[in-house]
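> I am attaching a structure below and will ask some questions about it afterwards.
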Amino acid sequence: MNDKIRLRYIIQVLFFVMVGAITLNHSLAETGAGISWLSNASIHALCPFGGVVSVYQYFVSGTYVQKIHESSFILMWIAFVLAVGFGPVICGWVCPLGSVQEWVAGIGRRIFKHKHNNFIPYKYDRFLRYIRYFILIWVIYMVAVTSKLVFADIDPYAAMFHLFSDELAAGGLIVLAITLATSLLVERPWCKYACPYGALLGISNIFRVFKIRRNNETCINCNRCTDICPMNIEVDQGEVIRDHQCISCLKCSSEEACPVQKTVGFTIGRGGTGDAC
Amino acid sequence: MRVKSNALGLIVLVVIFGGIAASSLFNMWNTSSEKIPARYQTGEFEGQFDPSDIRGSYTFGDINNVFAVPADTLAMAFGVSNIDDIDSFQVKNLESLYAGLKEQGKEIGAGSVRVFTGLYLGLPVNLDEEYFLPKPAADILVEKGNLTQEQLGYVNIHVVDMDNIPGEQGSLIEKPPADENTQDERVVKGTTTFHELISWGVSEQQVEEIIGGKIPAPGMTVREYCQNNGISFSSIKEILNSLIKK
């Protein structure tokens, strides 16, 4: 693993451990055995998507949807700020469910080699990628109508951190199991096909300030950028990546996959050749 | 300008933790509810707190603070006893206490408390959802006399007899004794309501003379009334016990 890309792995582990510890402490606190110096926030209080689904109720009645708190709103705005600047970095660098899928996919890569992440034909896959937008609309509509976290019962993210809690929903556990099982075949299946929050943040790829850019003049057409992309984006086919599925993981960049310096990068200027910061 | 992965990682950390720190500084980082429910937006009750916004994390004490439904009344309605601090009992715990009901497709939980609180206070309640009430809760509501015919019908259909709850509900549920009205039980204690006092033969007028005011609600416990009005419960209790028809 490249030293510079390893930072992403460290951050992923950091957030996974941190969210896991806090939500475990939430369960312990309810039995009176919580750790006093550690936050005991619920998983819903730490989910920025909770803020998104609460927006309607907040503006209509000034309250949050049940189980959602101010912290969800703060995290929502933080995620939006990051998305405007850098795209869905929350998905690629922070989200514990995305991280777990990546880690399970590592096993899948060893089993299926090059076939891994290429099981679904492109002609179907390209349409399946839009399912998550229907889920996003459905979730926002249903929460607005019912004022309840309707998604919580099938949410694999909540289920993952409720494994040792009596709040674990059977539906969420089933979706989590399916997500992890299919991660052996496909990179980030939940993110690609079903995550409503990923769908929302993915829109930022169209207008984010920093974009993945490929310098056509120095590119040697080795296709490594496309081959490594967990989201199957054809990085080698364009100069600027505006694909709604990009998670800003930078695996395609000249820091990791691209063998030519300053050819694929995260830039404001043209061609990835700008000065580095 | 190009951002490298190390810089992006640091930016992510700084923005997330910086944002949380900044919001904490302005007291905006709250990971738990302040227990302030929504208010009715329109109609006769506009501006009043809406019981349909009672969450599972609310305690009986929170409901008492916001809606002025005494915690003792809630405890009696939902059969919760054998607990040191009734005020700190969280509404969501009812679901596990009454878990045995789920086999019958019934649920007593936060929704039941919403319905009870709304009907207890005579506030509009959404009766489209299937929430069930323990028999003591239904009795309190009926005695209050606030119910419309439709609400009374709902309560009668959604009442659960405490003796018919299958499985182990946990030791916190107080089931009524086999003979509730035995003379030995006619003793004023912390959970005794004004309604019980009257049913034991103490007239409403006598009670009001002793407590020095009108009975606010039949379902209210005498102790709660005393606490609210700065009266010594123990002295009132002795006088009332002497009036109960043995």
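Chain order of the listed sequences is A and B. Quick note: the first sequence uses my numbering, first residue -13, plus one each step. Quick note: the second sequence uses my numbering, first residue 51, plus one each step. Note that beta-carbon positions come from the ideal geometry of N, C-alpha and C, so glycine has one too.
Anything in chain A within Cβ reach of B/D103, meaning under 7 Å, just list it in chain order.
Counting from 1 along the second sequence, the entry for residue 103 of chain B is found at position 53. Near B/D103 (Cβ distances below 7 Å), the residues of chain A are T49.
> Answer yes or no: does any C-beta atom of chain B fall closer than 7 Å to that of A/I64?
Within the first sequence, numbered from 1, the residue matching residue 64 of chain A stands at position 78. Judged by the 7 Å Cβ criterion, A/I64 is in contact with chain B.
> Around the C-beta of B/E200, are 16 or more other C-beta atoms found within 10 angstroms, so that it is buried, or is it exposed?
Here residue 200 of chain B refers to the residue found at position 150 of the second sequence. Its Cβ having fewer than 16 others within 10 Å, B/E200 is exposed.
> Going along the chain, which residues of its own chain have a beta-carbon closer than 6 Å to the beta-carbon of A/T259, five neighbours each way excluded?
Here the question's residue 259 of chain A lines up with position 273 in the first sequence. In this prediction, A/T259 has a pLDDT of 49, which is less than 50 and means its spatial position is unreliable; what the coordinates show is noted afterwards. Counting only Cβ-Cβ distances below 6 Å, and skipping sequence neighbours, we find N201, K248.
> Are B/M126 and B/P184 touching if we call contact CB-CB under 7 Å?
The residue labelled residue 126 of chain B in the question sits at position 76 within the second sequence. The residue labelled residue 184 of chain B in the question sits at position 134 within the second sequence. No, the Cβ-Cβ distance between B/M126 and B/P184 is not below 7 Å.
> Which bits of chain A does B/I70 rub up against, with CB to CB less than 9 Å?
Taking the second sequence and counting its residues from 1, the one referred to as residue 70 of chain B is at position 20. Those are S57, I60, L61, I64, listed as they occur along chain A.
> Whose C-beta lies closer than 7 Å to the C-beta of A/T165 among residues of the same chain, with five residues either side of it excluded?
Position 179 of the first sequence, counted from the start, is the residue given in the question as residue 165 of chain A. Taken in chain order, the residues that qualify are Q87, P142, P175, W176.
> Count the other C-beta atoms from every protein chain shown that fall within 10 angstroms of the C-beta of A/K53, then say buried if there are 16 or more, exposed otherwise.
Your numbering for residue 53 of chain A matches position 67 in the first sequence. So A/K53 ends up on the buried side.
> Would you say A/V172 reaches chain B, if we count a Cβ-Cβ gap shorter than 7 Å as a contact?
As a working note, residue 172 of chain A is residue 186 in the first sequence. Chain B contact via Cβ: absent.
> Starting from the Cα of A/D111, find the closest Cα among A/R228, A/L10, A/Y179 and give me that residue.
If you number the first sequence from 1, residue 111 of chain A lands on position 125. Among A/R228, A/L10, A/Y179, the Cα nearest to that of A/D111 belongs to A/Y179.
> Per the DSSP calculation, B/Q140 is bridged to which residue(s)?
Numbered from 1 along the second sequence, position 90 holds the residue referred to as residue 140 of chain B. B/Q140 pairs with B/T109.
> Between A/I164 and chain B, is the shortest Cβ-Cβ distance under 7 Å, so that the two count as touching?
As a position in the first sequence, residue 164 of chain A is number 178, starting the count at 1. Cβ-Cβ to chain B under 7 Å: no for A/I164.
> Whose CA, out of A/R95, A/S234, A/K101, lies closest to the CA of A/R199?
Sequence index remark: in the first sequence, residue 199 of chain A carries index 213 (1-based). The option with the nearest alpha carbon to A/R199 is A/S234.
> Check the Cβ-Cβ distances between A/A180 and every residue of chain B, and say whether any is below 7 Å.
Within the first sequence, residue 180 of chain A is the residue found at index 194, counting from 1. For A/A180, the answer is no, since every Cβ of chain B falls outside 7 Å of its Cβ.
> Please tell me whether A/L187 and A/P74 are closer than 7 Å, where the distance is taken between their beta carbons.
To locate residue 187 of chain A, count along the first sequence from 1; it is residue 201. To locate residue 74 of chain A, count along the first sequence from 1; it is residue 88. For A/L187 and A/P74, yes; Cβs fall inside 7 Å.
> Which whole-angstrom value is the C-beta distance of B/P87 and B/G168, which I expect to be below 8 Å?
Residue mapping note: residue 87 of chain B aligns to position 37 of the second sequence, counting from 1. Residue mapping note: residue 168 of chain B aligns to position 118 of the second sequence, counting from 1. 11 Å between Cβ atoms; not a contact.
> Just mark A/W63 as buried or exposed, buried being the case when its beta carbon has 16 or more other beta carbons within 10 Å.
Taking the first sequence and counting its residues from 1, the one referred to as residue 63 of chain A is at position 77. Flag for A/W63 reads exposed.
> Could you tell me which chain A residues have their CB closer than 8 Å to the CB of B/S146, listed as they occur along the chain?
Position 96 of the second sequence, counted from the first residue, corresponds to residue 146 of chain B. Residues of chain A passing the Cβ test: D152.
> Label B/W250 either buried or exposed according to how many other C-beta atoms from any shown protein chain fall within 10 Å of its C-beta, with 16 as the threshold for buried.
On the second sequence, residue 250 of chain B is found 200 positions in, with the first residue counted as 1. Looking at its Cβ environment, which holds 16 or more other Cβ atoms inside 10 Å, B/W250 is buried.
> Determine the direct distance from the alpha carbon of B/K85 to that of B/T92, and round the result to whole angstroms.
Against the second sequence, residue 92 of chain B aligns to sequence position 42. Against the second sequence, residue 85 of chain B aligns to sequence position 35. Near 21 Å, if we compare the C-alpha coordinates of B/K85 and B/T92.
> Under DSSP, the alpha helix (DSSP H) around A/I121 begins and ends at which residues?
One-based indexing of the first sequence puts residue 121 of chain A at position 135. Per DSSP, A/I121 belongs to the alpha helix (DSSP H) from 117 to 132.
> Once the 5 residues before and after B/G217 are set aside, which same chain residues still bring their CB inside 8 Å of it?
Your numbering for residue 217 of chain B matches position 167 in the second sequence. In this prediction, B/G217 has a pLDDT of 48, which is less than 50 and means its spatial position is unreliable; nothing more can be read from the coordinates.
> A/S28: buried (16+ other C-beta within 10 angstroms of its C-beta) or exposed?
Along the first sequence, one-based indexing puts residue 28 of chain A at 42. With 16 or more other Cβ atoms within 10 Å, it is buried.
> Please list the residues of the segment 124 to 138 of chain A that have a C-beta atom closer than 7 Å to any C-beta atom in chain B, keeping them in chain order.
Here the close residues number zero.
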